[in-house]
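In structure tokens, the structure reads:
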């Protein structure tokens, strides 16, 4: 019994080490990162946009997170929180950063056009520059 416990105590760290290791030797956590922006009005109430999307500046490629993450998007939207980027799109970024634009539409008017620099650390995306909170005057 004690011998099995010793073997288990040796194997568990090894299993965890190799489970989180990428092909390039970088050790990554298994979490899924989502970068967001909070949009509020001057009274600190959430702004619920009719539509939003993120555009990769260099290619014009559009990412519509409301279609890619519909459940989480619907929960966040009620709170005025919107996806800027997620680990699922990490391949669109570079370590040094790639430029993206967040566009938010209320009614038929674009009320948000914010630039972001999104990079990665080979495991997860990270926001290198850009606002995490935007206040809109209605």
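In the working numbering, the protein residues as written are 1 to 138. The C-beta atom is built at its ideal place from N, Cα and C for all residues, glycine as well. From a predicted model like this one, the values you see are computed outputs, not experimental measurements.
Which first and last residues belong to the alpha helix (DSSP H) in which residue i is found?
| i | result |
| --- | --- |
| residue 68 | 65-68 |
Considering only the alpha carbon of each residue, which of the options lies closest to residue i?
| i | options | result |
| --- | --- | --- |
| residue 62 | 120, 101, 134 | 101 |
| residue 127 | 27, 43, 37, 69 | 37 |
| residue 131 | 122, 123, 110, 82 | 82 |
| residue 51 | 26, 94, 112 | 112 |
| residue 55 | 115, 124, 48, 27 | 115 |
| residue 48 | 104, 30, 125 | 104 |
| residue 135 | 45, 28, 91, 26 | 45 |
| residue 27 | 129, 137, 123 | 123 |
| residue 31 | 88, 108, 107, 137 | 88 |
In terms of residues, what are the limits of the beta strand (DSSP E) holding residue i?
| i | result |
| --- | --- |
| residue 34 | 34-41 |
| residue 124 | Careful: residue 124 lies outside any beta strand (DSSP E) and carries neither H nor E. |
| residue 86 | 81-86 |
| residue 133 | 133-136 |
| residue 101 | 98-106 |
| residue 54 | 51-56 |
Please check the pair residue i and residue j, which I expect to be a contact at CB under 8 angstroms, by giving their CB distance rounded to whole angstroms.
| i | j | result |
| --- | --- | --- |
| residue 84 | residue 117 | Rounded, the Cβ-Cβ distance is 11 angstroms, inconsistent with contact. |
| residue 95 | residue 119 | 6 angstroms |
| residue 137 | residue 42 | 5 angstroms |
Would you mind sorting residue i into buried or exposed? The rule is 16 or more other CB atoms within 10 Å of its CB.
| i | result |
| --- | --- |
| residue 98 | buried |
| residue 93 | buried |
| residue 125 | buried |
| residue 67 | exposed |
Are the beta-carbon atoms of residue i and residue j separated by less than 9 angstroms?
| i | j | result |
| --- | --- | --- |
| residue 133 | residue 33 | no |
| residue 86 | residue 53 | no |
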